[in-house]
Structures are given as structure tokens and as C-alpha cells.
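Just so you know, we're using numbering that gives the first Met the number 0 here: the sequence shown kicks off at 0 and counts up by one. C-beta atoms are modelled at their ideal positions from N, C-alpha and C, and glycine is treated no differently. Accompanying notes for the structure given below.
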Amino acid sequence: MIWYFLYPFRGTTEPPSLSPAHPLRRSFTRYGREASRHPVITILISVALATCLIYPFPFLYTNNFTNGASNLPHHVWTAAQPVQENMGTEPDVVMRSIWVHGSYMKALGRDVLLAGLEIQDALLGQTINFDPKLSAGLGKPVGHDTPLSLEMRDSFHAINGLSEQSWFFHSPLLYWSCSPEAIAEDDDIVSTINESSQRSTSVNVTLRHSIVFSGKRFEDHRLVAADALVITLVHKLDSPVGRQWERQAQALAQSSTSPWRMYPRDGRVNNSQVYEFKFQPLSVQDDIFLAIAYSITVIYFLLSLTKLRALKSRFGLMLTVVAQTVISIMGSFTICAILKIDLSRIPREVYPFVVVAVGLENMFRLVNAVIITPSQSKTSSRIAEALGQAGPIALAGVGQDLLILYLLSKVVAPGVAAFCIFAAVALIFDFVLLLTFFVAVLSVDVRRTELSDSLETVKSQRKKLGAAKPKRHNAWVNAVLSGKTPISTRIAGTIVMVCFILVLQGHFFDNESPLRTLSRALQFVRPDHQLSSPPPVSQLSVDINQARSPTAWLRMQDHETAREVIHVIKPDTHSYIARVYDPLVFVLDSSDRTPTKAGVRRFLPAAYDFARNQSTVFVVSVLIVVAAVSLLMNYLLWNEEDTSHDDDGTIHKEDPLMTVTTLTPGHDLDVVMLSASPDGVVVSVGLDRRIRVWDLQQNDRSHYISPTTNELYPFPILAMAIDEQAEWVALLSVTGRLMLWNINEKQWGPSGIIGTETRAPPLFSFKSPKPGAIASLLIVWTSGSLIEVNFHRESANQIVELKPWEGLISSAKQFVAKPTTTDTEPPLHIVVLTTKGTIYLASQLDDKWDSTTITLFPPSTQKIKAILPLPKLNLLLAITDTTATLLHLPTQSTLHTFTDLDARPQSLQCFHSVKRHAFCGHNGLASFSLARRSVCTAPSQPSSNPPCNTWSSATLTVHKVPHNGAWQALPCGAIVGVTKHRASRRSSSSDSPSRSSSASGLRHRRAGALRGLRGEETDGWEAWTLEARGEKH
């Protein structure tokens, strides 16, 4: 929403995209990388935080408001809020009270109790063993100022029938039946008060500590001190008891022998405020509204979950969202309880909604940011990049929501203001858990399920989607559900939060409409509006240092007391209006009102009890939970690769960063031939006529291939190959002898004479061996002949020679295409290119080779000079001087032609992203070489719905690297290369050895250690990598 307010200044409603160098984005990126590299540690931190927030919950909340704990929300709306008197509201009752103070926080002393009883009897008359039922039916009309006898007073009591003269009162002295003898004989007053906290008056109003004491101090869930006795008279507007209370108060003020000071001095209390006390259970409309709100939220969540095309662990994500929401809500309840924020005024069903609505927005924003990152990137880079993009936006959104909640809390009812504080704390916790718990779980999920892979489970759904024609009027709905519109991605959570709070506000103003509530809120913030409030009593508060102000005491009244009073005054309703007068305050003359540390503490009393009694158990419980989760994570991730980063700077196993390793001992002269297997076995041939086998997976362990006889002397070597299992090395000598070397046994294998040509064969590679054979070789000569050699251990070698092609062969590539069905053995193909530019495709079926000619359509005006098969896609690139044509091998149809290429045909290579299922039902790619959009690799088909993005609609981006060295495209989707880096020579003295050593054309690697050290300063090699997005390292 903040971006819409900034539209006049920015000219757009899109969130800003911070540059990678921005400090905020860089901080989020760095944190995301570290969190994804250490997911277990991050999860353990979030588990420890969650345990610290959830464990104290049962110790801080209770249904009994008298024990110092916070009151749990129920299924009701409760309120004790002021009402504007100009609205014409007629009070139902009048509430008058007296506060009796002794020394600071010493109201439970015997002297204060006896003084309070004396004042109570002076205002109401004798109250010892008070039982108004005995005077039932004795009441009769009296004059306005007529003194009341005890029988007449009791006859008007509410227990004898509700009328316009009814009254009743609350007093802590009822614990002792208002008997001075019982107070004087009580040896343990504090125990009596705590044991009598559930005692009821004659009208079944419970004498809770909250209504008969002010400034309470609890320890171990027991009341141990109070600052004032509170005696409250509740009477109807025409009650003679209320008038007698006023007359007697003025008489007490005129008495000069009283052992107390009275405030106000004249006993006249004129300041009053109209309050509404409410206890309203959830109505059917409330239940329906909440059911609809939560149903829409759940449906939105589930539909958004199904829209995540590249996410497999949906159930895990759902559990993560639920866990994060529960922890945020429980943690917010805990913090609000510690800060003594009363959350019992709003039903408990309301609290989770805002957290769910706003929290889901940030979660899906982060997940979608991860999905759009390049799938070929490593996990830590994807999480870091996604958090760097989504983190600042989420932080701005949370800050915006916190500001809105702060402003709303200033203009709404006190109960809704408490809800705003709860929502703010919950949003903060939700954001913290998003950065810890959710990021860690998401990184584990991405790593384990390979987020970039296509979903096999949605294949049938895509086919159904392609077959059915969507209705036009659902396009906007689908866009909202898929998060493609601003309302669903940036402002939905904020709008829902504001509207929901306005609805809650309406419950505290007679269920008025949200529009009326919004209008009322706007009136609250107008400068000329003055909300009625009780006049301040600052002088009184300063004089006697009250531990709790009357207004704060009034708003602390729990909802159970309101329910009981409503049942007495208006049995058939859920609220009542009372005119509440400021209390008449009495302070004993001998009192010391200097504040001490024994006063009301800042935080919830139950929090201090928890810290004092449960600290050891709490710490042990947190350690046990963290240890248990650590063991569980180690068990679940037992087979995962170690992603920890060593302190010495070594590289992550997860992060395939480029490293340079010197293989020693090496060759004396230049290496002229290399061959490698996928398992990391490398065979090198040097001009020093040495052949060395390197095992990069076994700490660079190597050995020489030593010829045992002149017959097995392979030099000069014409061609070399290594099989995929890294078991055999094939060497072809210029003499025509073919030899095999067993890498594991380090000995020679079968050999034989197959003949040779003057030039190296275009194709010299292993193929899958036949049953009973140890190795099979395919050789394509430039003359056009194909030789297949099958070596046997005990029988003669089998040599099959064919000539399936006409003309001279300039290039030949072997590949295995993917089978069309699961039962079909993958066929072996050889694609060759003649010197005339003709392309042949030879396929082996049942030991027979079948060759066909591939014709370009439309025909190319330039001669094809290079070919590049793409077996994973069943595609072939036919390359000329300026173009590269992409062919679909099964149908031999042209898919796309890349034009205006400025490259040597033989140097062109290709890499692409993982193939996945597109919306149209065909196989597609996210990137192909320079292409960045999802494209279709199938031949032209009838139009589908939804349509595919074709090669012609793809975005072409060109990246140029100013290096002249060798380079190679890797299957991971990047290019790696090396180049000679020359620096300015420092002196001519270091120049002469270089010239002399290079005169013969050979460089002696081991000769001259000192010269080698000098060469590192002035002449070296540089390695580089380039990703499809253009990122160069």
C-alpha cells in the first residue's frame, strides 16, 4: 500500500528493485546465503525462540483473574469504555465508590480495614452481617431527603426485586461479614482474603480482588499487598440509598474528629463519566463472518499452493506455515501478557486472522522469489538472491503495517487498541520466523526436492488445462489467485487488516456499519474534535501517590464481573450504561504515602512468579527441546551433503564454485591430450611421452601408464578415450594398434591391429559393452568408414567395419537419445557432417546401422561447417558461418534459426536449463544459450490453449567475454575457460630466460625453480566462468 501512496513521487506502484550493491539488499543476501548454508543451526535458533515464547504461556494465562495472571480471551466481546454524553445515552445505573488508603501498599492492615468498615457504616448505615432478604416487602415510598432506616434501606436492595430505587454494593469487608470483631480476631488476614476471593454477594456478584482492591501485588498467584480498599455502591437513578450516600459523605467531611483526610475536602464528588460495560457472546452473524473469512483465507492458501509449479513438498510447506503462524500467535500472547495488555475484550477466534492474512503474503512472496531464480544456480545462491529481492519489500510491508496499526490504535476502542498491539507483536514475530525458520526449511526443501525440476504430478493437470477452454470471466480471478495482480501481492494483507480492525471497532459501537466506524475514526483525528474524558485529578494523585489511578482500575475490571452485574441490572441484555463518579478518597492520618519497591510492578505478576519458580525448569526444557530437534534434524538430513562452511575458507560441497588445483607430480613438457570421465578420472598425455591417470576423487591420486614391451608402446598417440565407468582407457597409436589399459588393476588389457589413417578420427569413443565383452569402441574415419570393436578377455576381438556414408567426414558426434517408452532400450546415434556440408544420422538397431540424411528446411544458402547434438532435448544445432539452425531430430523439422552469429562454427557450444513441462503440455526450457524465456522444444503443433511461447518470441541476450583462451560449456549451465594473463615485465633480466626457453617451442616445467617463481609475478593463467544470466567470475 505504501507504494500507492508514493505514486505521485515515484510515478509507479511497483515496489523498488534495489541494486545488488545496496546495503540493505546486500545484508539480506548475505544473511540468506548463511542461513541456507547452515539450515540446521537456523532452525535450532528458531526452535529455541519458539520454546521461549510458548513454554511460559500456561503460567501467564488463566481463567481466574484473582491470581495475578492474565485473563484468557473467551467467546465474548467485553468492554468498559467511555461514552459521549452528547449522544443522548441515558445511564442505567450510577456507580459511586470510596477508596481507603493507609500507608503505601498497606491497605490490608487491620487498622485500614477497621477504618474502612467505619466509613462504610457511616455512608450506608450498619452493615454487620448484612442480609437484605430479611427486609423483603418492607419498602415504601420515601421523600427526597428522608433518612433511611436499616429496614427501609435493605428493602430497596436489588435482591428484593429490581426497581428504580434498587441498589447493591461491593466491599472487601464482606469477607468478614462487615464485622469488626471478626476483623480484630483474624490472625491471618492475607490468607482470609485469598481464600474468600470466590465469595459472592447477596446478588451473586463475586467479590474478586479486582473490584474490591486497587494497586494489588501478587506473589505465587496470591494477593500479598494492596494500596486501597474499594467500596462501590451501584444504584438506580432514583434510589434513595444513593442520595443518602451523598448526604453522609458531606457530613463526614464536616466532622473534625475523623482520623483520616478526605478528598475532595467537602465530600462532594461532581466529576463523572458515562461508561458502557459490555459482555456480548459471539452472535450467529459473527460466527458466519469469521467462518467466511477463514474459509476464504484457507481457499486462497490452498489455491496459491497449487499454483507453485516448481514446488514438490507442498505438505511440508503447509506444516511450516501452520507452525510459523501458531508460534507467532502464541509468542504474541506471551509478550502481551508480560506487558499486562488485556486481550480478553475480543473473542479468541479473532486473533489468528490478521497474522494469517498478512503472514501468508510474505511467505508466498519469498517462495515465488525462489522459484523465479535460475534453476541451475546453487541452493544458497537461490535463497540469497530471493531473500535479497523479497526481504526489503517484506520489511517495508511489515513497517507499513506496524505504522498503520499504531495509528489505528490511537482512534479505536481500548479493546481494539489491545488487538492492534497484539497484531503488531505477532507481525514482528512472524517476520523474524520468516527470516529464520521459514528460510531454513525452504532451503532444505529446495536442496532435497530440487526446486527447479518439473512436477511430474501436474502433468495430467496440464493436459486437462490444455484441452479445456478457459472462460474469459475467470481470467482476473486466476490472476488474483496466482499472485499476478497488485491486490493479491502487495496490498491485500494490509487492506484485510484495516477492514478487519474497522469491523472489530464496530462491535464496540452497537454493531454499526464499517463505513460509520471509519467515519467515526476520521472524526477522532480531526483537530476540532474533543473526546469526552473524565477531568484529571492530578493534584490528588500527586498528594497521596496512588499505586493505581481510578481510570486504570476501572478498565481493569474483568468480563466475568461485567456479566454478573449485567445479570442483576438488565438480565435480558448484554451491556449496561453507568454513570461512574470519581472515587471519594480517604487517607488515614498516620499513613506514610512515600512510594516503595513494594508497589505495583511494571510487568505481569505471574511473569515474576515464573522467573522465580520456573527458571531452572525453563532453561532445561529449552535445552532438551533444542537437543531433540537437533537429533531429529540430523536423522532426517543424514543422507544430505554437508553444507557447512569451514572456518579456514574452504568451499562448500553444496557450492560448486571454481577452484584451481595443481596436480603433482605432473609432466615435464606440455600436455597435448586430455580425456576425462564423469567420475573425475582424467588421463593426460604429454610431449614428454608419458601417460598419467589422475583420480580427482581420491585426493588427486595418480599413476603412470608404462609400456611393458615395444609391442605395447603407444607413442605417437593418434586418439585416446576413457569409458564412463572410468575402468578402461583406449589408446590408438599411429601404427594402427589399439590398446586398452585397466585403470583399477593398473595393467594392460586386450589389444590388436585395426589399421589407421593419417589424420585423427573424427569420432573415437566408448559405447555400452555387449554381454560377455569388456569394452566396445566406435571409430569414425574421415574416409567415411565406421568401425566397431568389441574386446573379449578369452576370445578374439570382434571388428565390424561399415561405410554408411559417402564423402569425407569432417565431424562426428555420438549420443544416446532418450527412449520414447519406458520399455524401449535407448537407441545409439551417430551424427556426422561431411566436408560438403551434408548431415547424416546413423542409428543402431539390433546390431545394424541405418543411416538417413537430414535436410534443412528451408535449405540454407551457406554450407554447414559444424554440428552440435543436444541429446537431452533430442535437438541438433547445424552451424554455418553466421547462423545456427535448431533441428528436432525425431521429426527432422526446423525449430528456430539463430542469425547474425559472429563466431567460428567449430567453437560454438550450447548449454541450457533443465527441461520441464510448459503450460501448453509440451517440454519447455527456461533458458537456452542466450534465450531467457520459457520456450517449446516440440515441433510445430496445432494451436493450444494456453499457447506456448515459441522460439521466435524468446528474448535474445548476448554476452561477450574479452578472452582468447580455451573454454568449454558445462552441463550445469555455465561456461568455464582459461586465458593467458600477461603483466608488464619488471626488468629485462627476467626476460632473457623466457626467450631462451621458448626458442625450441617446448617449455620445461620442472627446470629452474627460481625462474618459475619469477614467472608467477609476470606471466600466469586466469580461469573464469560465465553463467547464462551473464554473471562472470
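- [ ] Check the C-beta distance from Ser912 over to Leu894 and give it rounded, since I have them as a contact under 8 angstroms.
- [x] In fact, because the Cβ distance is near 16 angstroms, the residues do not count as touching under 8 angstroms.
**Message:** Quick check for students: name the residue ranges of the beta strand (DSSP E) that lie wholly in the region 106-183, counting only runs of 3 or more.
**Reply:** If we require 3 residues or more, the beta strand (DSSP E) runs fully inside the region 106-183 come out as 166-169.
- Item | contact_flag[the region 23-31, the region 386-401] where n(CB pairs < 8 angstroms) is 3 or more | The region 23-31 is in contact with the region 386-401.
Glu723 (DSSP reduced to helix, strand or coil)
In the structure shown, Glu723 sits in coil (DSSP, three-state: anything other than H, G, I, E or B).
- prompt: In this structure, what does DSSP give as the bridge partners for Ile690?
  reply: Within the DSSP bridge table, the entry for Ile690 names Val684 as partners.
Are the region 113-122 and the region 242-255 touching, with three or more C-beta to C-beta distances below 8 angstroms? The region 113-122, when compared against the region 242-255, does touch it at the 8 angstroms Cβ threshold.
### Task
Just the C-alpha distance for Trp98 and Asn612, rounded to the nearest angstrom, thanks.
If you take the alpha carbons of Trp98 and Asn612, they lie about 34 angstroms apart.
Practice prompt. In angstroms with no decimal places, state the Cα-to-Cα distance between Arg198 and Val189.
Written response: C-alpha separation (whole angstroms): 15 angstroms.
If you draw a straight line from the C-alpha of Thr661 to the C-alpha of Thr1024, how long is it?
-> So the two alpha carbons sit approximately 18 angstroms from each other.
Exercise. Could you tell me whether the region 256-263 touches the region 555-570, where touching means 3 or more Cβ pairs closer than 8 angstroms?
Key: Using a C-beta cut-off of 8 angstroms, the region 256-263 makes no contact with the region 555-570, since fewer than three inter-stretch Cβ pairs fall below that distance.
Check: Under the DSSP definition of a beta bridge, which residues are partnered with Glu275?
Finding: Paired residue(s): Gln80 and Ile576.
Problem - Top-ranked residue by Cα proximity to Ser148, from Thr126, Ala157, Asn159 and Glu163 - result: Nearest option by C-alpha distance: Thr126.
Note to self: Give me the DSSP bridge partner(s) of Val599.
What the structure shows: As DSSP reads the structure, Val599 sits in no beta bridge.
Between the CA atoms of Thr435 and Val584 - distance to the nearest angstrom
Computed Cα separation, rounded: 53 angstroms.
- Query: Straight-line CA distance for Phe814 to Ser303?
  - Reply: Rounded to whole angstroms, Phe814 and Ser303 show a C-alpha spacing of 41 angstroms.
For Tyr103, does the three-state DSSP call read helix, strand or coil?
-> Note: Tyr103 maps to coil in three-state DSSP.
message: Spatial neighbours of Gly1000 within its chain, please: C-beta separation below 7 angstroms, excluding the five flanking residues on both sides.
response: For Gly1000, the predicted structure reports a pLDDT of 37, less than 50, and the residue's modelled location is therefore unreliable. The matter cannot be settled from this model.
**OP:** Keeping to the same chain, check which residues put their C-beta closer than 6 angstroms to that of Val440; ignore five residues upstream and five downstream.
**Re:** Thr319, listed in sequence order.
Check your understanding: Name the DSSP beta bridge partners of His828, please?
Key -> DSSP lists Phe814 and Ser842 as partners of His828.
Mapping the DSSP letters down to three states, classify His558 as helix, strand or coil. In the displayed model, His558 falls within a helix according to three-state DSSP.
Relative to the C-alpha of Lys862, which residue among Val297, Leu869 and Thr854 is closest?
Per the Cα distances, Thr854.
TODO: List in chain order: all unbroken beta strand (DSSP E) runs of 3+ residues lying wholly within the region 762-791.
DONE: The qualifying runs are 762-766, 774-779 and 785-790.
- Query: Which word fits Thr860, buried or exposed, when buried means at least 16 other C-beta atoms lie within 10 angstroms of its C-beta?
  - Reply: Per the 10 Å Cβ criterion, exposed.
For this session: Find out if the Cβ-Cβ distance for the pair Pro351, Thr324 is shorter than 8 angstroms.
Result: One thing to note: Pro351 has its Cβ within 8 angstroms of the Cβ of Thr324.
- Message: Let me make sure I understand the geometry here. Which of Asn743, Tyr575, Lys812 and Tyr712 has the alpha-carbon closest to that of Val92?
- Response: Minimum Cα distance to Val92 is reached at Tyr575.
What is the DSSP secondary structure of Gly665, counted as helix, strand or coil?
-> Look at Gly665 here: in three-state DSSP terms it is coil, with no helix or strand label.
Exercise. How would you label Tyr103, buried or exposed, when you count the other beta carbons within 10 angstroms and need 16 or more for buried?
Worked result: The residue in question, Tyr103, is buried, as its Cβ has 16 or more Cβ neighbours within 10 Å.
**Distance, Leu43 Cα to Asp899 Cα** = Between Asp899 and Leu43, the alpha-carbon positions lie close to 55 angstroms from each other.
What does the alpha-carbon distance come out to for the pair Val684 and Arg691? Roughly 7 angstroms separates the two Cα atoms.
Notebook entry, point to check: Using a Cβ-Cβ cut-off of 7 angstroms (strictly less than) and excluding sequence neighbours within five positions of Leu17, which residues of its own chain qualify?
Noted result: Result list for Leu17: Leu23, Arg24 and Pro391, in chain order.
**Message:** Considering only DSSP beta bridges, list what Glu213 is partnered with.
**Reply:** Sequence check: residue 213 is Ser here, not Glu. BP columns for Ser213 point to Ala227.
task: Could you pull out every residue in the same chain whose Cβ sits closer than 7 angstroms to the Cβ of Arg525, ignoring the five residues on either side in sequence?
output: Note that Arg525 scores a pLDDT of 44, beneath 50, so its modelled location is shaky and nothing firm can be said.
Q.
Considering only the alpha carbon of each residue, which of His156, Arg601 and Ile878 lies closest to Val567?
A. Looking at the Cα atoms, His156 is the closest of the given residues.
**Prompt:** So is Leu630 buried or exposed if we call it buried at 16+ other beta carbons inside 10 Å?
**Reply:** Counting the other Cβ atoms within 10 Å of the Cβ of Leu630 gives fewer than 16, which makes it exposed.
*Which partner residues of Val670 appear in the DSSP bridge assignment?*
Answer by DSSP bridge pairing, in chain order: Gly685.
### Task
Starting from the C-beta of Phe58, find all residues in its chain whose C-beta is less than 7 angstroms away, skip the five residues before and the five after it, and write them out in chain order.
Cβ neighbours of Phe58 beyond the five flanking positions: Ala605, Phe609 and Gln613.
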